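A short worksheet on the structure shown next.
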Amino acid sequence: MTDLLLRNGRIMDPANGLDGPGDILVRNGRIEAVGHGIPAPDGCLLVDVTGRWVTPGLVDLHVHLREPGEEYKETIASGTRAAAAGGFTAVAAMPNTLPPNDSAAVTRFILERARDAGNARVHPVAAITKGRAGKELSEFDDLLRAGAAAFSDDGSPVRDAGLMRIALEYARGLDALIISHAEEPALSEGGCVNEGRISTLLGLKGIPWAAEDIAVFRDVALAELTGARLHVAHVSTRGAVEIIRRAKGRGARVSAETAPHYFSLTEEAVLGFDTRAKMNPPLRTEEDRQAIIEGLTDGTLDVIATDHAPHSSLEKDVEFPLAANGIIGLETAFPLSLALVRAGRLDPADLVRLLSTTPAQILGIPGGALRPGDRADIAVFDPERPFEVTPENLFSASHNTPFLGTTLTGRAVLTLVGGRIVHNLLGTGGRTESP
Ligand SMILES: [Zn+2]
Numbered sequence: 008m009t010d011l012l013l014r015n016g017r018i019m020d021p022a023n024g025l026d027g028p029g030d031i032l033v034r035n036g037r038i039e040a041v042g043h044g045i046p047a048p049d050g051c052l053l054v055d056v057t058g059r060w061v062t063p064g065l066v067d068l069h070v071h072l073r074e075p076g077e078e079y080k081e082t083i084a085s086g087t088r089a090a091a092a093g094g095f096t097a098v099a100a101m102p103n104t105l106p107p108n109d110s111a112a113v114t115r116f117i118l119e120r121a122r123d124a125g126n127a128r129v130h131p132v133a134a135i136t137k138g139r140a141g142k143e144l145s146e147f148d149d150l151l152r153a154g155a156a157a158f159s160d161d162g163s164p165v166r167d168a169g170l171m172r173i174a175l176e177y178a179r180g181l182d183a184l185i186i187s188h189a190e191e192p193a194l195s196e197g198g199c200v201n202e203g204r205i206s207t208l209l210g211l212k213g214i215p216w217a218a219e220d221i222a223v224f225r226d227v228a229l230a231e232l233t234g235a236r237l238h239v240a241h242v243s244t245r246g247a248v249e250i251i252r253r254a255k256g257r258g259a260r261v262s263a264e265t266a267p268h269y270f271s272l273t274e275e276a277v278l279g280f281d282t283r284a285k286m287n288p289p290l291r292t293e294e295d296r297q298a299i300i301e302g303l304t305d306g307t308l309d310v311i312a313t314d315h316a317p318h319s320s321l322e323k324d325v326e327f328p329l330a331a332n333g334i335i336g337l338e339t340a341f342p343l344s345l346a347l348v349r350a351g352r353l354d355p356a357d358l359v360r361l362l363s364t365t366p367a368q369i370l371g372i373p374g375g376a377l378r379p380g381d382r383a384d385i386a387v388f389d390p391e392r393p394f395e396v397t398p399e400n401l402f403s404a405s406h407n408t409p410f411l412g413t414t415l416t417g418r419a420v421l422t423l424v425g426g427r428i429v430h431n432l433l434g435t436g437g438r439t440e441s442p
């Protein structure tokens, strides 16, 4: 492994109060020094990162890597390569694979595949219930021992409130994290867009905001009842933000994420029956979008996660109601989040906190900071670099994103995992990849 010196970047590490020009020396896979005018040791690769942001590697609490079972959409190798291209050095992989990750064997398989690929660290999220069927709890103990980082039935809610309560009690005893896919199916079933003006206009069955708010309220109440840690996935409504804000005010052990599409787009994006903008929860109204941004600004929402959900044209090039939910997000998350900084809604330090520091803390994994001695999981971004979102420029095996054909601003130009170069657009040393 080559040692390297990142010279003259904007070092951004809110965990240590750093935001200013400096150098980082990486040796033997770890951060050896952070400071000014660090001399380059012999044989060290010198990388000039003037004008670039140097941050802890981003941490994504919510991705779907599709392996095992749907490798034609994405593999652990291609999904983690997309992560590296987005500046992510660690991702939490949701369990709705085929078979679902409800066993130590599947958890270990995912970890082995991730190690073989070597592009990013993968933290498997195991299913709360066996087969994600909502009937019987999976073996939390076994799964934690095999390397599961958290539990979720993501893709589906746990319908039975009594079972969710038991899951939270069990998780509390193990200090494990439960991630809630908050959806009341009695209200959402058959829906494919936000219920309101657009659903009426298009003649599509809607999913009301109440389907999310009720479920968030239920799971937050159960977290308070049991004292367990709860993380609410993909918050999309104004009401959910308010419920979480109030719960935090009472001291509940609740954290929450939203995804870039919920603060970048509204339900208008599905006009023309564009299945690339179909997801669950659906894109909401401008009022919801503003409430999501407000939630990020005041700390109600702790994390920006991508909910990276690759699908092939088989699932997307079909009639709107039949199309699969979800969009890819690993490679567009940084530029879309950066747009909030440009708009004056977030500080650059908030961005690093939301995309790296806090998700690492919630998951209880190393990373999210740039301390000497830490393993060198580092991302370097060019905040001015245009990123044309085309199939050729994406590393994900799927291209289902409503941002396809647009040009975003800001891109990861160098990503290191344990000091190894896993993504490099600088054309300097190491393994250089196109584009
Ligand atoms: Zn979900």
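Positions in the sequence shown are counted from 1; adding 7 to them yields the working numbering. Ideal placement from N, C-alpha and C gives every residue a C-beta, glycine not left out. Given the structure is predicted, the values throughout are model-derived calculations rather than measurements.
Best match in the options for proximity to residue i [C-alpha to C-alpha]
i, options, result
"glutamate 294", "Thr273, Arg283 and Pro288", "Thr273"
"alanine 73", "Gly64, Leu65 and Ile117", "Correcting the residue type first, residue 73 is arginine in the shown sequence and not alanine. Ranking Gly64, Leu65 and Ile117 by Cα distance to arginine 73 puts Ile117 first."
"glycine 336", "Glu39, Arg59 and Ala90", "Ala90"
"aspartate 109", "Ala140, Val98, Thr87 and Ala127", "Ala140"
"serine 319", "Pro102, Thr408, Gly180 and Ala168", "Thr408"
"glutamate 81", "Leu25, Ser405 and Asn431", "Ser405"
"isoleucine 18", "Leu209, Trp60, Leu105 and Gln297", "Trp60"
"isoleucine 173", "Ser145, Ala111, Glu191 and Gly93", "Ser145"
"arginine 418", "Pro28, Gly86, Gly94 and Leu237", "Gly94"
"aspartate 26", "Leu377, Arg253, Glu301 and Ala127", "Leu377"
"valine 429", "Arg128, Asp30 and Ala47", "Arg128"
"glycine 24", "Leu13, Gly50 and Asp357", "Asp357"
"tryptophan 216", "Glu202, Gly210 and Thr207", "Glu202"
"histidine 69", "Val56, Met101 and Gly426", "Met101"
Extent of the continuous alpha helix (DSSP H) run through residue i
i, result
"isoleucine 205", "204-209"
"phenylalanine 388", "That residue, phenylalanine 388, is in no alpha helix (DSSP H); its beta strand (DSSP E) goes 385-395."
"glutamate 77", "That residue, glutamate 77, is in no alpha helix (DSSP H); it is neither H nor E in DSSP."
"valine 348", "340-349"
"proline 192", "192-195"
"valine 113", "111-124"
"aspartate 295", "293-304"
"leucine 65", "Note, leucine 65: premise wrong, no alpha helix (DSSP H); beta strand (DSSP E) at 65-70."
"methionine 19", "It is not in any alpha helix (DSSP H) - methionine 19 instead sits in the beta strand (DSSP E) that spans 11-20."
Run of the beta strand (DSSP E) containing residue i, from where it starts to where it stops
i, result
"serine 262", "261-265"
"phenylalanine 95", "95-100"
Contact check, residue i vs residue j, beta carbons under 7 Å
i, j, result
"arginine 37", "isoleucine 83", "no"
"glutamate 249", "valine 310", "no"
"aspartate 220", "alanine 240", "no"
"histidine 188", "aspartate 161", "yes"
"alanine 133", "alanine 99", "no"
"serine 243", "isoleucine 214", "no"
"leucine 32", "alanine 40", "yes"
"proline 289", "valine 200", "yes"
"isoleucine 369", "leucine 423", "no"
"alanine 316", "histidine 71", "yes"
"leucine 181", "phenylalanine 147", "yes"
"alanine 474", "leucine 184", "The displayed coordinates of the chain run from 8 to 442. Any statement about residue 474 would go beyond what the structure contains."
"arginine 88", "phenylalanine 402", "yes"
"alanine 168", "glutamate 191", "no"
"threonine 9", "leucine 53", "no"
"valine 66", "alanine 97", "yes"
"valine 227", "alanine 254", "yes"
"threonine 313", "phenylalanine 410", "no"
beta-carbon residue i near ligand 1 non-hydrogen atom, thresh 6 Å
i, result
"alanine 240", "yes"
"histidine 71", "no"
"aspartate 161", "yes"
"histidine 315", "no"
"histidine 188", "yes"
Could you say if the segment 231-239 and the segment 281-292 meet the contact criterion of at least three C-beta pairs nearer than 8 Å? no
Spell out a yes or no on whether the segment 390-402 and the segment 411-419 are touching, meaning 3 or more CB-CB pairs, one atom from each, closer than 8 Å. yes
Discussion item. Would you call the segment 314-330 in contact with the segment 369-376, where contact means no fewer than 3 C-beta pairs closer than 8 Å?
Written reply: no
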